[in-house]
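Peer 1:
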Amino acid sequence: MQNSRRSLTRRMLAISACAVALPLATAGLAGAAPAGTHGISDTTVKVVATGLKNPRDVTALADGTLLVAESGEGLPGCPVGQVCLGKTGAVYKIRGPWQGRVVTGLPSLGPGVAPGAAVQAVGPASVLPDPNGGYLVLSMGGFDSNGRAALGPDAATLGTLSRTRDGSVVADYVDHETRLNPDGRQPYSNPWKVLRTGGGYLVTDAGANTVLRTAGGTTTTQFVLPTIENDRDGVPTGIARTADGTTYVSGLGVYAGQSRIYKVGPNGPEEWLSGLTNVVDLAAAPNGDLIALTYTPGYLEDPPQPSKVLRINTTTKEVTEIPTGDRLIMGTGLDVNREGQIFIVNNARGTSGELLRLTY
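Using mature numbering (1 follows the signal peptide of the UniProt record, and there is no 0), the letters of the sequence shown correspond one by one to residues -32 to -1, 1 to 328.
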């Protein structure tokens, strides 16, 4: 359905108002592993960076470097009521005591807002180091090829995986969705997360409801995420690979309790865990656990409710909430370093975003 296909963009960015807000469903589904805080009591949350502009995701590198994808703030001065394309997307880097933007001028699409209001933007969603130098940036979309073309040539890397060193496009997911439309619904692409795997990349396209593989200059559809209740799209979000080589993909769902995690097998995704809510990202911990980030515990509340971090035992499927003292709000991305510390993009709406470090 169109509403669920666009739910991630609506939920994270609210560039368009949601057409309907229905009563919340129950918080869990039958057979789901209950979340608790058993065994986790001593946690600390530390601010690593502030003043981030619509941050979307963080990547923790083996040498301790952290990379944050910032969607920017659209076009400064954009008239209220209009949506404008600017060049305010960026890559923010933290290495030891130094931090700052190492790439600027990336496309950023956002609405004009009244003075003092938080501007929300579509732009860089995830970032990886490029083996050839510079960075690989996955940018959000929210349209088909015609919609992107209407924004002009400066929007060419929206909805793609591109190189910052020369601006070249590694993979065009908007084009893939427009031409092939794997799930047969209205063409609509909104890439969200990227995972390096072997000689290629796996990407979740939350708008197209697909997981895509890019390797050797070619993009293929790995699978379409199964539909959920009432024929609604699953909306793939997070993707992670644990130390044993197993790949997991989260589905955002639509209402409370409809988010799922899928285990990717030789025949495609198999539902592995249900009963969660609004899972927007996954990361693999050094001990083999999955760490999941929820955007909000309910559906489109205003103001948004606190985000949650969940530890999931991949052997028993036990779900344990890692307490954060309700410090998280509108979290959209996380990663885990070699020491097991969790880094979370927080307050990801507007230009006052944060990067937090959670230790437990």
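Just so it is clear, CB atoms sit at the ideal spot from N, CA and C, and this is done for glycine as well.
Any chance the CB of Ala139 is under 8 Å from a heavy atom of the ligand MG?
Peer 2: No copy of the ligand MG appears in this structure; indeed no ligand is present at all.
Peer 1: Only counting the same chain, and skipping five residues up and downstream in sequence, which positions put a Cβ closer than 6 Å to that of Ser218?
Peer 2: Result list for Ser218: Thr205, Gly206, Ile229, Val247 and Leu250, in chain order.
Peer 1: For Pro99, is the classification buried or exposed, using 16 other Cβ atoms within 10 angstroms of its Cβ as the cut-off for buried?
Peer 2: Exposed, since its Cβ has fewer than 16 Cβ neighbours within 10 Å.
Peer 1: Starting from the Cα of residue 367, find the closest Cα among Asn198, Val90, Tyr103 and Gly45 and give me that residue.
Peer 2: Residue 367 is absent from the structure shown; the chain starts at -32 and stops at 328.
Peer 1: Would you mind listing the beta strand (DSSP E) stretches within the segment 63 to 147 that are 3+ residues and don't spill past its ends, in chain order?
Peer 2: For the segment 63 to 147, whole beta strand (DSSP E) runs of length 3 or above, ordered along the chain, are 66 to 79, 92 to 97, 103 to 107, 128 to 131 and 137 to 140.
Peer 1: For Ala316, count the other beta carbons within 10 Å of its own beta carbon; 16 or more makes it buried, fewer makes it exposed. Which is it?
Peer 2: Classification of Ala316: buried, given that the 10 Å Cβ count is 16 or more.
Peer 1: In the DSSP assignment, what residue or residues form a beta bridge with Pro237?
Peer 2: Bridge partners of Pro237: Val232.
Peer 1: Mind checking which residues open and close the beta strand (DSSP E) that includes Ser218?
Peer 2: It spans Thr215 to Gly219 - the beta strand (DSSP E) in which Ser218 sits, taken as one unbroken run.
Peer 1: How big is the Cα-Cα spacing for Phe311 and Val16?
Peer 2: Phe311 and Val16: Cα-Cα distance of roughly 9 Å.
Peer 1: Let me check understanding here. Comparing Cα to Cα, which of Ala224, Val222 and Thr215 lies closest to Glu238?
Peer 2: For the residues Ala224, Val222 and Thr215, the minimum Cα distance to Glu238 belongs to Thr215.
Peer 1: Is the beta carbon of Gly40 sitting closer than 9 Å to the one on Ser320?
Peer 2: No; because the gap between Cβ atoms is not below 9 Å, this pair is not in contact.
Peer 1: Ignoring anything shorter than 3 residues, give me the beta strand (DSSP E) runs that lie fully in the segment 161 to 220, in order along the chain.
Peer 2: If we require 3 residues or more, the beta strand (DSSP E) runs fully inside the segment 161 to 220 come out as 168 to 173, 178 to 183, 186 to 192, 204 to 209 and 215 to 219.
Peer 1: Could you compute how far the alpha carbon of Gly64 sits from the alpha carbon of Thr72?
Peer 2: Each residue's Cα considered, the two are about 21 Å apart.
Peer 1: Give me the residue from Val304, Asp257 and Val105 with the minimum Cα distance to Leu29.
Peer 2: The shortest C-alpha separation from Leu29 is found at Val304.
Peer 1: Of all the beta strand (DSSP E) runs that stay within the bounds of the segment 249 to 327, which reach a length of 3 or more residues?
Peer 2: Correct list: 258 to 262, 276 to 280, 287 to 290, 301 to 304, 310 to 314 and 321 to 327.
Peer 1: Below 8 Å on the Cβ atoms is my contact criterion, and I expect Asn314 with Gly299 to pass it. Report the Cβ-Cβ distance as a whole number of Å.
Peer 2: Going by Cβ atoms, the distance from Asn314 to Gly299 rounds to 5 Å, so yes, they are a contact pair.
Peer 1: Return the chain-ordered list of same chain residues with a C-beta closer than 6 Å to the C-beta of Asp151, the five sequence neighbours on each side being excluded.
Peer 2: The answer, listed in chain order, is Asn177 and Val192.
Peer 1: Using the Cβ count rule (16 or more neighbours within 10 Å means buried), how would you classify Gln50?
Peer 2: Exposed is the call here.
Peer 1: Measure the Cβ-Cβ separation of Thr132 and Val59 and say whether it is below 9 Å.
Peer 2: It is a contact, given that the beta carbons lie within the stated cut-off.
Peer 1: Whose C-alpha, out of Pro44, Gly109, Gly110 and Pro121, is nearest the C-alpha of Ala86?
Peer 2: Measuring from the Cα of Ala86, the nearest candidate turns out to be Pro44.
Peer 1: Put Asn246 into one of helix, strand or coil per three-state DSSP.
Peer 2: In this structure, Asn246 counts as coil in the three-state DSSP scheme.
Peer 1: Let me know if Pro79 comes out buried or exposed under the rule of 16 or more other beta-carbons within 10 Å of its beta-carbon.
Peer 2: Buried.
Peer 1: Please classify Ile8 as buried or exposed, where buried requires at least 16 other C-beta atoms within 10 Å of its C-beta.
Peer 2: Exposed, since its Cβ has fewer than 16 Cβ neighbours within 10 Å.
Peer 1: From this set, Gln226, Val13, Leu324 and Ser157, which residue's C-alpha is nearest Leu126's C-alpha?
Peer 2: Considering only alpha carbons, the answer is Ser157.
Peer 1: Given this structure, state the Cα-to-Cα distance separating Leu261 from Gly301, to the nearest angstrom.
Peer 2: So the alpha carbons of these two residues sit roughly 7 Å apart.
Peer 1: Which of helix, strand or coil does DSSP assign to Gly54?
Peer 2: Strand, per DSSP.
Peer 1: Anyone know if the C-beta pair for residue 338 and Ile196 falls short of 9 Å?
Peer 2: Look at the range of the chain in this structure, -32 to 328, and you will see that residue 338 is not part of it.
Peer 1: For Pro2, does the count of other Cβ atoms within 10 angstroms reach 16, so buried, or fall short, so exposed?
Peer 2: Because the pLDDT at Pro2 is just 47, under 50, the model does not fix this residue reliably, and the value given afterwards should be weighed accordingly. Per the 10 Å Cβ criterion, exposed.
Peer 1: For Val138, which residues from the same chain have a beta carbon less than 7 Å from its beta carbon, with the 5 sequence-adjacent residues on both sides left out?
Peer 2: Leu104, Leu129, Ser130, Arg131 and Thr182.
Peer 1: Relative to the C-alpha of Val90, which residue among Asn198, Leu296 and Gly110 is closest?
Peer 2: Selected option, being the one with the closest Cα: Gly110.
Peer 1: Take Lys61 and list the residues in its own chain whose beta-carbon comes closer than 8 Å to its own, dropping the five residues that flank it on each side.
Peer 2: Thr33, Leu34, Leu35, Val36, Gln67, Gly68, Arg69 and Val70, listed in sequence order.
Peer 1: Quick one: grab the DSSP three-state call for Thr11.
Peer 2: In this structure, Thr11 counts as coil in the three-state DSSP scheme.
Peer 1: Taking the straight line between their C-alpha atoms, what separation do you get for Val48 and Glu322?
Peer 2: The alpha-carbon atoms of Val48 and Glu322 are separated by roughly 26 Å.
Peer 1: Select from Gln309, Ile290, Lys285 and Val162 the residue whose C-alpha is nearest the C-alpha of Met108.
Peer 2: Looking at the Cα atoms, Val162 is the closest of the given residues.
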